[in-house]
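Residues 10 to 185 in this note's numbering are what the sequence shown lists, from first letter to last. Note that the Cβ used here is the ideal one computed from N, Cα and C, for glycine as well. All values reported here derive from a predicted model rather than from experimental measurement. The structure under discussion appears below in the form of C-alpha cells.
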Amino acid sequence: LDFDIEPGTNLALTTNTEHNQSQFGFNSARLRRSDQGVSYPYVVEDVVEITTSNLGNDRYYYFFNWKIQKPGLECASERVEVPLVIVGGAEAIAGAGRLAVMPNPVSDRLEVRLPELQQPSAALKVYDATGQLARNYGVRRGDSNIQVDTEGLPAGLYLIRLVDGGRQYGAKVVKR
C-alpha cells in the first residue's frame with residue numbers, strides 16, 4: 010500500500026466507497042479474507058498488532074507479500090562540516106615502490122622483505138586504516154627482511170610504509 014501510519018490504537022483500514030463504486034462497481038475493494046486458521050492477535054513486535062476484523066475474530070482480511078517496517082532514523086542535529094585529514098594513509102603510498110609482505114592476511118607475525126636501502130637507516134611504519142601509527146621499526150642498510158609483530162592489533166586493514174631518503178615503499182596488509 011506504501012503509506013505511513015501514525016502510531017495509535019483502534020485504527021481501521023478501509024477504502025473509499027465512492028471510488029470503489031466508480032472503478033469496480035462494488036462498495037468495497039473486495040479484499041481477500043480467510044476463515045481458515047484465524048488466530049488473533051497478529052503481532053509484529055514493537056511495530057503492529059492486528060486484534061480483530063470488522064467481521065469479528067473468525068475472519069481475517071489479508072494482503073499478499075505485505076512488508077511492515079519501522080520508520081528510518083534521521084539526523085536530528087544541525088549538520089556541520091567536518092574536515093578530514095589523513096595521516097600516513099593511502100596518499101603516502103600512492104606511486105611508491107611495493108614492499109613484499111607475507112602472509113597476507115596475517116594473524117600474528119608478518120615478514121616484510123626490504124629493498125636495498127640507499128640511506129644508512131630508515132623507518133618502517135605500520136598505520137591502521139584511520140592513519141594512526143600502530144607500529145614503528147628501525148631498519149639498517151643491509152637488512153633483507155624484518156618481522157613485524159601484529160599480535161594485539163585489532164583485525165582490519167593496515168598500511169606498511171618504508172621511507173628511505175626520498176624513496177618510499179608501501180604495502181597493504183589485512184590483519185585477521
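Length of the line joining the Cα atoms of Asp158 and Asp117
Taking the straight line joining both Cα atoms gives about 6 Å.
Roughly how many angstroms lie between the CA atoms of Thr6 and Leu166, to the nearest whole one?
Residue 6 cannot be examined here, being either before or after the span of the chain that is shown, 10 to 185.
Name, in chain order, the residues that DSSP records as bridge partners for Gln156.
According to DSSP, Gln156 bridges with Glu120.
What is the rounded straight-line gap between the Cα of Ile59 and the Cα of Asn25?
Using only the alpha carbons, I get a separation of about 21 Å.
My guess is that Tyr69 and Ser62 are in contact by the Cβ rule of under 8 Å, so how many angstroms apart are they, rounded?
That belief holds up - the Cβ atoms of Tyr69 and Ser62 are roughly 6 Å apart, short of 8 Å.
Where does Ala99 sit, in a helix, a strand or coil, going by DSSP?
Confidence at Ala99 is low in this model, with a pLDDT of 47, below 50, so the placement of that residue is unreliable and no value is reported for it.
C-alpha gap between Gly65 and Leu22, whole angstroms:
Roughly 14 Å separates the two Cα atoms.
Run through DSSP, which three-state label would Gln32 get?
Shown here, Gln32 sits in a helix according to DSSP, grouped into three states.
With distances taken between CB atoms, is the gap from Asn185 to Ala164 smaller than 9 Å?
The sequence shown places Arg at residue 185, rather than the Asn named in the question. Their beta carbons are under 9 Å apart, which means Arg185 touches Ala164 by this criterion.
Residues in the same chain with beta-carbon distance under 8 Å from Ser130, minus the five sequence neighbours each way, listed in chain order, please.
Excluding positions up to five away in sequence, the list reads Gly147, Val148, Arg149 and Arg150.
Asp55, enclosing beta strand (DSSP E) - first and last residue:
First-last for Asp55: undefined, no H or E at that position.
Thinking just about the alpha-carbon of each residue, which of Asn145, Ile155 and Leu168 is nearest to the one in Glu125?
Taking only the C-alpha atoms, the option nearest Glu125 is Ile155.
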